[in-house]
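The numbering of the sequence shown is this note's numbering, which starts it at 1 and goes up by one. We treat Cβ as the ideally placed atom computed from N, Cα and C, and that holds for glycine. Just so we're clear, the structure is a prediction, and the values are computed from it rather than from any experiment. So the structure is just underneath, and the comments pick up after that.
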Amino acid sequence: TWTRSTCGAKTQINRVCFADEDNGWAAGWEGTIIRTKDGGATWQAQKSPINAWLTSLQFDSAGRGWITADNALLVSEDSGENWRLVDVPETPFLVRLLRVNETLWAVGQYAVLRQTSDGKQWERVESLQAATRASTAASQP
Numbered sequence: 001t002w003t004r005s006t007c008g009a010k011t012q013i014n015r016v017c018f019a020d021e022d023n024g025w026a027a028g029w030e031g032t033i034i035r036t037k038d039g040g041a042t043w044q045a046q047k048s049p050i051n052a053w054l055t056s057l058q059f060d061s062a063g064r065g066w067i068t069a070d071n072a073l074l075v076s077e078d079s080g081e082n083w084r085l086v087d088v089p090e091t092p093f094l095v096r097l098l099r100v101n102e103t104l105w106a107v108g109q110y111a112v113l114r115q116t117s118d119g120k121q122w123e124r125v126e127s128l129q130a131a132t133r134a135s136t137a138a139s140q141p
């Protein structure tokens, strides 16, 4: 069943991600990050370290939250309470995060990145031609 919910965001929301039926996050334009702890009935704004277009949101198998943005990557290591910028060399414009089994992947303009085995770093696994832009990703179950 779908129920209309007002999140209070003043900008466009691009992605929503729920850890369980109660705890969810949404990210969007101008660095907007909002969180719900009651299944979307109410939403609270969270502090974002950047004012950018936040394009995707996902949690890895260790419970770290990740957000892709305009040439940036954000992480939360405390269950989505606080977010900080991550240093990723030559960060391309990233548009999607995809979790496949225990691995998180990021795709975007000119690149595909994979989370390292410790889950704290990212490595470029593919450099796409300059005219190529990946805008989505999918995995086969």
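Which residue wins for smallest C-alpha separation from residue i, given the options the options?
i	options	result
D60	W29, Y110, A106 and R4	A106
S5	Q109, D118, D78 and Q44	Q44
V75	G8, W122, T11 and T42	W122
R35	W29, Q58, L104 and C7	C7
L98	E81, T68, S117 and A26	T68
E102	V95, Q12 and G63	G63
T11	W53, F18 and G24	W53
I13	Q109, K120, A27 and T42	A27
V88	Q109, K120, V16 and W2	K120
T3	A9, V16 and A41	A41
Sorted by chain position, which residues of the same chain lie with C-beta nearer than 7 Å to residue i's C-beta, five sequence neighbours on each side aside?
i	result
G39	E21 and D22
S79	G63
W51	One detail in the question is off: residue 51 reads as Asn in this sequence, not Trp. Excluding residues within five positions, the ones whose Cβ falls inside 7 Å are E30 and G31.
F18	G24
K37	D22 and N23
Which one or two residues does DSSP pair with residue i in a beta bridge?
i	result
W66	Q58 and V75
I33	A27 and Q46
E143	Within the shown structure, residues of the chain are numbered from 1 to 141, placing residue 143 beyond reach of any answer.
Should residue i go down as buried or exposed, given a rule of 16 or more other Cβ atoms within 10 Å for buried?
i	result
W66	buried
Q58	buried
Please list, in chain order, all residues of the same chain as residue i whose beta carbon is under 8 Å from its beta carbon, the five residues on each side excluded.
i	result
W83	I33, Q46, K47, S48, P49, G65, I67, L74, V75 and S76
T116	W122 and E123
Might you give, ordered along the chain, the residues of its own chain that have their beta carbon closer than 6 Å to the beta carbon of residue i, omitting 5 neighbours on each side?
i	result
L113	A106, W122 and R124
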